[in-house]
Structures are given as C-alpha cells and as structure tokens.
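One structure is given here, and the rest of the page talks about it.
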Amino acid sequence: WQSQGDKKKNNNNNNNNNNKNSNDKKDDEKEEIEKGVYVAMANESKTDIRVPPLELPAVEFDPNVELWAFGITSLIGSFFSSQIVSGSFSRCALNYEMEAYTQVSGVVQGIVCLLCLTLVSSLLKDLPQCVLSAVVIVSVYSLLVNGIAEFRFLWKVRRHELWEFLVAVTAPLLVGLEIGIGIGVASSILLQFWNTAQAEIVELGALILTDSDKSNPPDPSSLHTQITYVDIRRFPHAQASRDIPILELRAELSFINYELFLYTIYIYIYMHICIYIY
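Sequential numbering from 1 applies to the sequence shown in full-length UniProt numbering.
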C-alpha cells in the first residue's frame, strides 16, 4: 500500500515525464523545421549558382564601323538630297551601360526626347551647362574607365605610344575638335614613320615547348613537342642556328628601313656563309 505522499510523488514524476516528452517533441519539431529551412536555403543557393543572371559579354567596340556607316550613308544620300546623317559615338557606350540588347532602345530614346521637347522643355531650358556636362560624363563613364586603363597599360608597356595617346586626348581640349583630331592623326602618322624607321632586327632561336615532365629533358621527337622561334636576347636558353642564322624584321619593310635591313644582312653575311630571312 502506498501512502498519499508517495502517490503525489508518482503523479508529479509522471507529469514531469510528460512535460519532458512534450518539450522533446517540440525540440524535435523545431530541429526539423530548421533543417527544412537550411535545405531550402541550400537549394536556393544552388539554383542561384547554376543559373547566373544574364550579363552582357565583354565586347570591344570598333569605332571604325560607325565611321564607315556614317560616311557611306552620307555619300549615298548626297545623290538624293537627303539630310546629313550624324550621331553621337557615346550612344553605343550608353546602350551597353543600360544593357540594351536590341534596336528598340533607339525608339525608346526618341520617344523620351520627343516627350521632353513637347512637355518639359520650359523646365529644361534653364539648366546650367555643368548639369548637361555631368549627364554626358555619366553616359560615357565606361569610356573614361577604359581610357584610364589604357593609360596605365601604355605607361607600363609602350611608353612611346603613350605620347601619341596624350596628344590625341589633350589636343581637342586645347585647340578645338577639328584641329585637335588633325593633330592626333598627324602624331599617329609620325609615330608610325618613327617605328618603321627604327625597326628592330633580331636573331631568332628555336625554343622547344613540351608537355612532358619537368624532371625529364624535353625530347624533340615527342608528339607533344612544339618548336617556336623567339628572340635569343630575351630567351637565352633558345638554341640559335650555327650555320643558318634566322633574322626577323619587326616592322613592315619599306623605303624607310630597307637600308638598315640590308646593312644588317651584310654584317651577317660576313659572319656566316648562309642566312635565312624570317
């Protein structure tokens, strides 16, 4: 026989066990919910990784295409008394920044310009020129970034072409657009003449490229071996030909540099019996 105190203790123990079981069930349900949330987040992250958002490819614009288009259109249109065709070269850069995929962007731009002229022209007429210049700078932001990157590249790699770049950029700002473009073209022509006149003539040597193990010496008879000819001054381990030296003129042969080229050939003729011009 159990006393009343023992019965109360047993009842309290049973209640505690029931409360523990209910708490354990709630904890289990909470863990299951958390696991489900984590699984959903993981699936969502996998989906984001597998299906990346659409991005425009890195396309290099060729401004000569637009020049040809404007020139040919104006030339043909002159026979039919048409208006002069013109356009802003920054429009392509603006379309690229706005992620415009089709020519519908031109229609949208025309509609917006028409609405601005007919509805809000009275509000826009008093805008200062600094605001208009800010709009142009923002629209050609990518061109400015590419110009800075080109400046850094020329500073590290081609110092002589950096002067041509600076002249072409600063001349239109100082003396005007038309004269500045002429100065830029003239500087480019002079630099081309200078590079042609001071053409570099180098002797080439055979450089063996192989995919074999670095611990083993390269075998020229291997199927994965490729032989290329490089400047022996930059690649001292290249094998120069003893009997037939190979020369490379790193410019186009013209009336400006042919005497230098012949003089170099004469020197190698006195030094060697045979010579092969690459």
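Glycine included, C-beta positions come from ideal geometry on N, C-alpha and C. Please read all numbers here as calculations on a predicted model, not as lab measurements.
Alpha carbon of residue i to alpha carbon of residue j, nearest angstrom
i, j, result
"Gly-71", "Phe-79", "13 Å"
"residue 295", "Leu-144", "A query on residue 295 cannot be resolved here, the shown segment of the chain reaching from 1 to 278 and no further."
"Glu-203", "Leu-262", "15 Å"
"Ser-121", "Ala-199", "58 Å"
"Ser-268", "Ile-227", "The sequence shown places Tyr at residue 268, rather than the Ser named in the question. Near 24 Å, if we compare the C-alpha coordinates of Ile-227 and Tyr-268."
"Leu-177", "Glu-99", "30 Å"
"Ser-241", "Ile-201", "16 Å"
"residue 315", "Phe-193", "Since the first residue shown for the chain is 1 and the last is 278, residue 315 is missing from the structure and cannot be characterised."
"Ala-69", "Ile-76", "11 Å"
"Pro-172", "Ile-179", "7 Å"
"Tyr-131", "Gly-182", "It should be noted that the sequence gives Val, not Tyr, for residue 131. Those two C-alpha atoms are separated by around 29 Å."
"Asn-167", "Ile-189", "It is Val, not Asn, that sits at residue 167 in the sequence shown. Taking the straight line joining both Cα atoms gives about 12 Å."
"Leu-127", "Ile-148", "30 Å"
"Val-136", "Tyr-229", "49 Å"
"Gln-109", "Glu-259", "58 Å"
"Ile-33", "Glu-66", "In this prediction, Ile-33 has a pLDDT of 46, which is less than 50 and means its spatial position is unreliable; what the coordinates show is noted afterwards. Each residue's Cα considered, the two are about 60 Å apart."
"Ser-74", "Ala-134", "31 Å"
"Thr-118", "Glu-161", "48 Å"
"Leu-174", "Tyr-266", "48 Å"
"Gln-129", "Asn-146", "25 Å"
"Ser-82", "Thr-102", "26 Å"
"Leu-56", "Ala-251", "In this prediction, Leu-56 scores a pLDDT of 49, lower than 50, which makes its location untrustworthy; the coordinate-derived value is nonetheless stated afterwards. Roughly 37 Å between the two C-alpha positions."
Close Cβ partners of residue i (< 8 Å) along its chain, the five nearest in sequence each way excluded
i, result
"Phe-165", "Glu-150, Phe-151 and Leu-154"
"Trp-163", "Ser-187 and Leu-191"
"Phe-235", "Gly-205 and Leu-207"
"Cys-116", "Leu-124"
"Ser-105", "Asn-95 and Met-98"
"Glu-44", "For Glu-44, the predicted model reports a pLDDT of 38, less than 50, meaning its position is unreliable and no value from the coordinates is stated."
Closest residue to residue i among the options (Cα-Cα distance)
i, options, result
"Tyr-270", "Pro-245, Trp-68 and Leu-132", "Pro-245"
"Arg-158", "Asn-195, Leu-115, Pro-236 and Glu-203", "Asn-195"
Burial state of residue i (16 or more Cβ within 10 Å)
i, result
"Asn-257", "buried"
"Ile-84", "exposed"
"Ile-232", "buried"
"Lys-8", "Because the pLDDT at Lys-8 is just 47, under 50, the model does not fix this residue reliably, and the point stays unresolved."
"Val-140", "buried"
Spatial neighbours of residue i in its chain, beta-carbon cut-off 7 Å, leaving aside the 5 residues before and after
i, result
"Ser-254", "Thr-196"
"Leu-249", "Ala-199, Ile-201 and Phe-261"
"Lys-214", "Confidence is the limiting factor: at Lys-214 the pLDDT is only 48, short of 50, which leaves the residue's position unreliable and the question unanswerable from this model."
"Gly-184", "Val-167, Ala-168 and Ala-171"
"His-237", "none"
"Val-107", "none"
Own chain residues within Cβ distance below 6 Å of residue i, not counting five before or after
i, result
"Gln-239", "Gly-205 and Ala-206"
"Thr-264", "Ile-201"
Exercise for the section: List in chain order: all unbroken alpha helix (DSSP H) runs of 4+ residues lying wholly within the UniProt domain "SLC26A/SulP transporter" (60-164). Expected result: Taking only runs of at least 4 residues, the alpha helix (DSSP H) segments lying wholly in the UniProt domain "SLC26A/SulP transporter" (60-164) are 63-77, 90-97, 104-119, 121-124, 129-139 and 141-156.
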